[in-house]
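Per this note's numbering, residue 19 is the first one in the sequence shown, and the count goes up by one each step.
A virtual CB, placed ideally from N, CA and C, is assigned to each residue, including glycine.
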Amino acid sequence: MGARTHRPSPALLVSLTVSACLLAALSAAVRSHRVPRWEQDLFTLLNHLPAGLTPVLVLVMQVGSYPAVFVAATAAVIARRIGAAWTLLLAGNLAYWLATAVKAAVARQRPAALFTDVVLRETITGRLGYPSGHVAVATALALVAARAGGPRWRRAAWVVIGLVAVARIHVGAHLPIDVAGGVLVGWLAVCLTRLVVGEVGPQRSVPALRATLRRRGIEVAWLAPIHGDARGSQPWQAVTTGGRRLFVKVTGGEQRDADWVYKLYRRMRYRHVADAPPYLSARQQSEHETCLTLLAARAGVRIPAVVTTAAAPGGDAVLVQEFIDAAPLDAVVGPVPLAAVRDAWDQVARLHRVGIAHRDLRAANVLVGRDHVYLVDLGFGADDASAEQRARDVVELMVALAGRVDPAGVVDAAIDHLGVAAVADSVPFLQPAVLSRAGRTALRARPGMLDSLRQEILRRSPDRDRPAAKVVRISRRTVLELLVLGLVVHLLLPHLGEIRTALGLIVHANPVAVAATLLGSALTYLLSGLVLRLATAGRVPLGEATLVQVAASFANRLAPGSLGGAALSLRYLHQKGLVAADAGTAVAVSRAAGVVSVVLLLPVLLPFARQPARILTHDAARALPLLLGALAVLLVLAGVLAVPRVRRRGRAAAGQVVTALRELRHQHGLRWLVVASTALTLTYGLCLYVALIAAGPVPLAHLPPVILVCLVGEGVSSAAPTPGGLGATEAALVSGLLLYGVPLDAAVAGTLIYRLATFWLPVPPGYLAFRLLTRRRLL
19 MGARTHRPSP ALLVSLTVSA CLLAALSAAV RSHRVPRWEQ DLFTLLNHLP
69 AGLTPVLVLV MQVGSYPAVF VAATAAVIAR RIGAAWTLLL AGNLAYWLAT
119 AVKAAVARQR PAALFTDVVL RETITGRLGY PSGHVAVATA LALVAARAGG
169 PRWRRAAWVV IGLVAVARIH VGAHLPIDVA GGVLVGWLAV CLTRLVVGEV
219 GPQRSVPALR ATLRRRGIEV AWLAPIHGDA RGSQPWQAVT TGGRRLFVKV
269 TGGEQRDADW VYKLYRRMRY RHVADAPPYL SARQQSEHET CLTLLAARAG
319 VRIPAVVTTA AAPGGDAVLV QEFIDAAPLD AVVGPVPLAA VRDAWDQVAR
369 LHRVGIAHRD LRAANVLVGR DHVYLVDLGF GADDASAEQR ARDVVELMVA
419 LAGRVDPAGV VDAAIDHLGV AAVADSVPFL QPAVLSRAGR TALRARPGML
469 DSLRQEILRR SPDRDRPAAK VVRISRRTVL ELLVLGLVVH LLLPHLGEIR
519 TALGLIVHAN PVAVAATLLG SALTYLLSGL VLRLATAGRV PLGEATLVQV
569 AASFANRLAP GSLGGAALSL RYLHQKGLVA ADAGTAVAVS RAAGVVSVVL
619 LLPVLLPFAR QPARILTHDA ARALPLLLGA LAVLLVLAGV LAVPRVRRRG
669 RAAAGQVVTA LRELRHQHGL RWLVVASTAL TLTYGLCLYV ALIAAGPVPL
719 AHLPPVILVC LVGEGVSSAA PTPGGLGATE AALVSGLLLY GVPLDAAVAG
769 TLIYRLATFW LPVPPGYLAF RLLTRRRLL
């Protein structure tokens, strides 16, 4: 696989133009014309397919839902396809939001608003139909997966797109042209993603390259590609018929730093970018590198001599240099001699004295020979370089060398050849965002390297300390947070009516009871933080643990079963120095304590579980599907546990939890952990009881049954497949309260107030807590 490159190929430009033009033409036609007869007939045919197909089509249709973007990206991460994960995230989000924008521009209504005989087989949200967002997302994900998986995936990708399109028409959500517009939106999103993410670099055949060199008078006897981090080019090693060894660099029309899209990305993400304008061709880029190489050689820099340049078919450029019999710094076995470190800084000093910044001084471009060091690849170099560009050179080389040599020796050698001022000027740029990918990899191998280099520099020039430069405008973490926030909005937006109703009830409710409900909800986070602190045997501060639980109220809106909060707690404990096994055990212990508290409370509450002597109402009977769903979850869990490998891992995890509980018992911490967890469970029940009082008078005798109903409702919340048990929890609470004689109006009003206090209102503070923990590097 070649290096990633970013200049759009002719095929990509054609694909981008065609998809954009077709989408614009179709959108204009839909906006200005009525629904044709053939489209009505085709819609009626697919909408009235046998009802037995509906469950299968609805299941396949979820491939085009917005959460499917994140599921697909997660699956790619699990499969260790990180590049594919980022591509899926970008393409899926582009398709979804582009479809949303086109919907607003065209404003074509859904079939139910246009025809009278539409069979609605699912709850349809939103009033606009063109284009289909589900089909757009499914098309984007399927095309990206097909490119990543190879030719055998392409047919399956189109089958999935077709099934999602048929499913959206069958459930009554879209007309046929709506799904055609969705395909075009997904196609356009993939084209835009390929522009940003890039494609595989030039892969030229041996005969074509031999012919190119022959035209320049070089007869090649042996030619082989050199594998490594080539950054948008393909390097080759050649041996002529006379035995001369040459280095041949083929730069494609997609050369990375010559790409206008990549430079636009850099200008958006980084501050004070001093990139040169993008080159119009690979030949211009190669000529730029040749010119800088000749200038560097004239200044005495040890760099491979230029033999010739050539233009290859397809717009590629070829640069031929003398082959250097030396190993890249990252391939040197054993410690690097101090003489080589000093020679490397001498070469950089010569380069900077003539105003040239290398701008790519990673270990792969520093060749270490027997006696000397060579600098190679000036393709990213800059003439008349700024002080910041030279400082970034210093930082990149210091990190590359400090991975192999003591940082003190690296700094000493740099000061000897560059001077104290030049090295001290690099202090504000000692940060990962300045480094190349190879530099950041070196940092992960040696944590604390940047701090060590900073300390060594400031020890020699204590008066030159300056704060870190603001080089990043938009970080990947910021983009990920925006995507997560968009997912939260997408999941919670359809339930704004519930929030509006709850707020209206609060206006007319008992203010003291409402305030008590809100205070009780706040108390649950303090108790949750206390449970986490006790589960770790006091190894985390209570304030931070409470803040993590507040942030979990935001994370839990993204995943069912409080999985988001569990993942957040694991990340926090890992950042606090707990190894993965200890962090996982602590979270599991805190959850186990919750189960223990329920077991202890049930004997007390079950005597109050006698159902009033009345016939089960229709509203209470709605709890039966929830019970069936819980049974189905238990059956699936039993099936999973039947797998031997899963059973072994589960037994090992349970053993770790039991061991941790025994240690807490010996430390007298288990008792307080159970007390705190029981208090947390009771607080939730009291919140529900007080919320019912806010809606109307409730006898004190109803308190134990209400707590029992709350236990069941929170259990449903953990088992339901929706984030935070959305929908299922409300149904379970209302049904349970009806069983104990609470009037329907009071049950609904109290449940909505309770969910507003414990589910909806904590989301904004949770997001702020999440940002605060991120800024403090605790996540």
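By the neighbour-count criterion, in which a residue is buried when 16 or more other Cβ atoms sit within 10 angstroms of its Cβ, Gln473 is exposed. Counting along the chain, Trp690 sits inside no beta strand (DSSP E); it lies in the alpha helix (DSSP H) bounded by residues Leu688 to Ala713.
With a cut-off of 8 Å on Cβ pairs, the region 181-195 is not in contact with the region 233-247, counting fewer than three such pairs.
Annotation: the region 354-417 contains the following complete segments of the alpha helix (DSSP H) (minimum length 4 residues), in chain order: 356-371. Distance from the CA of Ala463 to the CA of Thr211, rounded to the nearest whole angstrom, comes to 31 Å. For Ser251, there is no enclosing alpha helix (DSSP H); the residue is part of the beta strand (DSSP E) that begins and ends at Ser251 to Thr258. Excluding the 5 residues flanking it on each side, Ala315 has same chain C-beta neighbours closer than 6 Å at Ile321, in chain order.
Residue nearest to Gly387 within the set Thr792, Asp343 and Pro717 is Asp343 (criterion: CA-CA distance). Burial is judged here by how many other beta carbons sit within 10 angstroms of a residue's own beta carbon; His526 has fewer than 16 and is exposed. One thing to note: Ala531 has its Cβ within 7 Å of the Cβ of Val708.
In the three-state reduction of the DSSP assignment, Ala335 falls in the strand class. Judged by beta-carbon spacing, Leu34 lies beyond the 7 Å limit of Pro129, meaning their Cβ atoms are not closer than that value.
Following the DSSP letters along the chain, one finds Ala764 inside the alpha helix (DSSP H) bounded by residues Leu762 to Arg773. Within the model, the alpha-carbon separation for Tyr785 versus Val394 is close to 47 Å.
Cβ contact annotation for Arg360 (same chain, cutoff 8 Å, sequence separation greater than five): Ala431, Asp434 and His435, in chain order. For Glu474, the three-state secondary structure derived from DSSP is helix.
Residues Arg422 and Val423 of the same chain have their beta carbon placed closer than 8 Å to that of Pro353, with the five preceding and five following residues left out of the count.
If you ignore the 5 residues before and after Ala563, its C-beta comes within less than 6 Å of the C-beta of Gly547, Leu550 and Arg551, all in its own chain and listed in chain order. In terms of CA proximity to Trp176, Trp205 leads the group Arg789, Trp205 and Tyr148. Note on Lys488: under 16 other CB atoms within 10 angstroms of its CB, so exposed under the neighbour-count rule. Its chain contains Arg368 as the residues whose beta carbon lies nearer than 8 Å to that of Gly318, once the 5 sequence neighbours on both sides are disregarded; these appear in chain order. In the assembly as shown, Cys39 is an exposed residue. Its beta-carbon has fewer than 16 other beta-carbons within 10 Å. DSSP lists Val336 as the bridge partner or partners of Ala328. Taking Leu560 as the centre and dropping the five residues before and after it, the same chain places the C-beta of Gly547, Leu548 and Arg551 closer than 7 Å to its C-beta, in chain order.
Here Pro73 carries a helix assignment [DSSP, helix/strand/coil]. Put simply, of Leu453, Val607, Leu704 and Ala486 the residue whose alpha carbon is nearest the alpha carbon of Leu537 is Leu704.
With fewer than 16 other Cβ atoms inside 10 Å of its own Cβ, Ala69 counts as exposed. Setting aside the 5 residues that flank it on each side, Ala426 is surrounded in the same chain by Glu474, each with a C-beta closer than 6 Å to its C-beta; the list follows chain order. With 16 or more other CB atoms across the displayed protein chains lying within 10 angstroms of its CB, Gln303 is buried.
When the Cα atoms are used, Met416 and Thr308 turn out to be separated by approximately 26 Å. For Phe61, the enclosing alpha helix (DSSP H) has its first and last residue at Arg55 to Asn65. Contact check for Ala122 and Arg145: beta-carbon distance about 11 Å, past the 8 Å limit, so the pair fails to qualify. Pairing Asp443 with Glu406, the inter-Cα distance amounts to about 8 Å. Less than 7 Å divides the Cβ of Leu545 from the Cβ of Ala694.
Contact between Ala362 and Val391 holds: their C-beta atoms lie close to 4 Å from each other, under 8 Å. Spatial neighbours of Ala584 in its own chain (CB-CB distance under 7 Å, excluding positions within 5 residues in sequence) are listed in chain order as Val605.
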